[in-house]
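Chemist: The letter at position 124 of the sequence shown is residue 123 when you use numbering that gives the first Met the number 0, and the numbering goes up by one with no holes.
Even glycine gets a Cβ: it sits at the ideal position worked out from N, Cα and C.
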Amino acid sequence: MIQGPSRPRRSSPAARSPGRSTQQQGRQGSQPNLSRAIQLKAIPSARSVYLGQQVTLSYKIYFRARIRDFDFVDHPETVSFWVEEYPLSGEATITREIVDGVQYNVAEIKRLALFPNKTGKLTIPPVTITVDAVVPQASRDPFDLFDNFFDNPFGKVIRRRIVSNPVTIQVKPLPEAGKPADFSGLVGDFRITSSLDKKEVPANEAISYRVKIQGQGLLKTLNALPIEFPLSFEVFDPKVQEKVNRQGRYIASSKELEYVLIPRTPGDFQIPELRLSFFNPLTAQYQQLVVPAYTVHVTRGKEVATGLTGTLVSKEEVALLGKDIRFIKERLSLRPIGYRVYRSMWFWAAFFLPSLLLAGAYGYQAHQRRLQSDVVFARKRRASRLARKHLKAARQLLKQKQYEAFYAEISRALIGFIADKTNRSAAGLTQADIEQLLKSRQVPEPLIQDCLACLGEADMRRFAGMSASSSTEAEALLEKVERLMENLEKHLS
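1) Give every residue of the same chain whose Cβ lies closer than 7 Å to the Cβ of A496, excluding the five residues on either side of it in the sequence, and list them in chain order.
2) By the three-class DSSP mapping on this structure, what secondary structure does S252 have?
3) With DSSP collapsed to three states, give me the class of R95.
4) So, with DSSP's three-state summary, where would you put F182?
5) With H, G and I counted as helix, E and B as strand and the rest as coil, what does DSSP make of G247?
6) Measure the alpha-carbon distance for K479 versus A457 and round it to whole angstroms.
7) How big is the Cα-Cα spacing for D188 and F277?
8) Taking 7 Å as the line, does the beta carbon of C453 fall inside it for any heavy atom of the ligand FAD?
9) The alpha helix (DSSP H) spanning E107 covers which residue range?
10) Does DSSP put T308 in a helix, in a strand, or in coil?
11) Please tell me whether I414 and A425 are closer than 8 Å, where the distance is taken between their beta carbons.
12) Whole angstroms are fine: how far does the CA of K420 sit from the CA of L224?
13) From L454, L446, S470, pick the residue whose C-alpha is nearest to that of E485; which is it?
14) In the DSSP assignment, find the unbroken beta strand (DSSP E) run with G415 in it and report its ends.
15) Would you mind reading off the limits of the beta strand (DSSP E) that contains L476?
16) Count the other CB atoms, across all protein chains shown, that sit within 10 Å of the CB of A475; report buried if there are 16 or more and exposed otherwise.
17) Could you tell me whether the stretch 285 to 295 touches the stretch 233 to 246, using the rule of 3 or more Cβ pairs below 8 Å?
18) Give me the residue from L477, F80, L87, V101 with the minimum Cα distance to Q38.
19) Pair every Cβ in the stretch 55 to 73 with every Cβ in the stretch 227 to 237, then say whether three or more of these pairs are closer than 8 Å.
20) My assumption, with CB atoms under 8 Å, is that L173 sits in contact with L50. Please give the rounded CB distance.
21) So who's on the other strand from P262, going by DSSP bridges?
22) Given that a residue counts as buried once 16 or more other Cβ atoms are within 10 Å of its Cβ, and exposed if not, what is F80?
23) What is the residue span of the beta strand (DSSP E) that I42 lies within?
24) Residue range of the alpha helix (DSSP H) that S439 falls in?
25) Just checking my contact of S410 with N222 at CB under 8 Å: how many whole Å lie between their CB atoms?
26) Thinking V166 and L56 are a contact (beta carbons under 8 Å), I'd like their distance in whole angstroms, please.
27) Is R263 closer than 8 Å to I168 when the C-beta atoms are compared?
28) Buried or exposed: which applies to V162, given that a residue is buried once 16 or more other Cβ atoms fall within 10 Å of its Cβ?
29) Going along the chain, which residues of its own chain have a beta-carbon closer than 8 Å to the beta-carbon of P443, five neighbours each way excluded?
30) Helix, strand or coil, according to DSSP, for S424 in the structure here?
31) To the nearest angstrom, how far is it from the Cα of E434 to the Cα of Q441?
32) Under 8 Å Cβ to Cβ from R110, same chain only, skipping five residues before and after it: list those, please.
33) Could you give the distance in angstroms between the alpha-carbon of I93 and the alpha-carbon of A251?
34) Looking at chain D, is there any beta carbon in it that lies within less than 8 Å of the beta carbon of I226?
35) Decide if K120 is buried, meaning its Cβ has at least 16 other Cβ atoms within 10 Å, or exposed.
36) Expressed to the nearest angstrom, what Euclidean distance is found between the alpha-carbon atoms of G89 and A418?
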């Protein structure tokens, strides 16, 4: 319960005689008008910011009456913002402020960190709450001798709807001067480190490459990093660990990506240096950080088994089996004199079967050797299988109502599918890159726009406070992506 330091008194019903009318009116005039005694204000930390820069929006109750409880009727509409909500303690801290010469008790009831994702004048509509206010109520017993001295200590609870003010934020575009060519839209103040667990490794043995970014700002919008790994390296989707610190004045984030790499051929290969560009709104300048390159020496490793597998039985085991168990013949199968065995279908089947098996084994081994030596061919072959794996995981997340993870998996499936089909690294692949790749492969324009629309919808619902969407909308997007991949398969094969 939020409660002020004092409670206004009002006259009792017994004081209604003409001789007491002046006193009664004076006491009633001292009661606070609830429409003015309780107010809800939305207060932004800034009215003008850059695209992607944090604005802290605080909702505060200003009151001069006792408040027992409150509840939000609706929540802030923040479609044009990425949103992080600050955790507030269970019991509100009461401060005092003077507004227009009147002292109010003030309690903060909600605090949001907003990151605008579009420029221009953005308006956050008013928010409505219901408030249970306690109004002192005097005794109504006309024979109460103590009516002049004691009011009802419990009072009357009145529910009121309180509406906040709208908030308008002017969002400035990021400056063009000094913008790095590889700038992807990251806004804040960050640091970056990297590590490689092994610099010498046999072929077909995994190594781990880690990149960690941390600092002030929102890293959820950073989907991947522009890392061009050697083409002979098999690269798995990165394992991502993300943390958000909502305790300080500004939102702080950290994001660690671990890439599992498997070099397939011997030689010396380089993982190039990685550059991270971002715009720092505090200095109004672009900054670029660089992590060093790594050289990996790959030695000749053990050959990966690619032959046919099975359980072979030795001659001794066959002979022993013949001695131990005798087959009981239920019916004799006799052939007439002059029967030619080569006229039997089974004879020719047995005659050609070893050759067919040998040809099949040779073809299988040739296919496996090509998968190991031809990276482009291998990525194209596995693209559909990996995409189906991601979509299956997305469907499972949808059943569990984990919407944010669901939309992330949808985006990962579609980007990874296109990257494998075009032999590009999925890391750092932006929507603009995808559009150019699909155009270069003569993919029809409507199909390209469908692809960009799916990626845009997934990102919007994931980052713009819309992740808690209905299962119907999420299911519709999943089916749309499945059909989209089937159509892309025809043009990217």
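Modeler: Reading it off the structure:
1) The shown model of the chain, from 0 to 492, leaves out residue 496, and the question about it has no answer.
2) strand
3) strand
4) coil
5) coil
6) 12 Å
7) 8 Å
8) The ligand FAD is not part of the structure shown, which contains no ligands of any sort.
9) Looking at the DSSP string, E107 is not in any alpha helix (DSSP H); the run it does join, the beta strand (DSSP E), is 101 to 115.
10) Its pLDDT being 39, under 50, T308 is placed unreliably in this model, and the coordinates cannot settle the point.
11) yes
12) 19 Å
13) L446
14) From DSSP, G415 is part of no beta strand (DSSP E) but of the alpha helix (DSSP H) over 402 to 421.
15) L476 -> not in any beta strand (DSSP E); alpha helix (DSSP H) instead, spanning 470 to 491.
16) exposed
17) no
18) V101
19) no
20) 5 Å
21) F232
22) buried
23) 37 to 43
24) 430 to 439
25) 7 Å
26) 7 Å
27) no
28) exposed
29) H490
30) coil
31) 11 Å
32) T55, L56, S57, Y58, E84, Y85, L87
33) 27 Å
34) In the displayed structure, chain D is absent; only one protein chain is listed.
35) exposed
36) 47 Å
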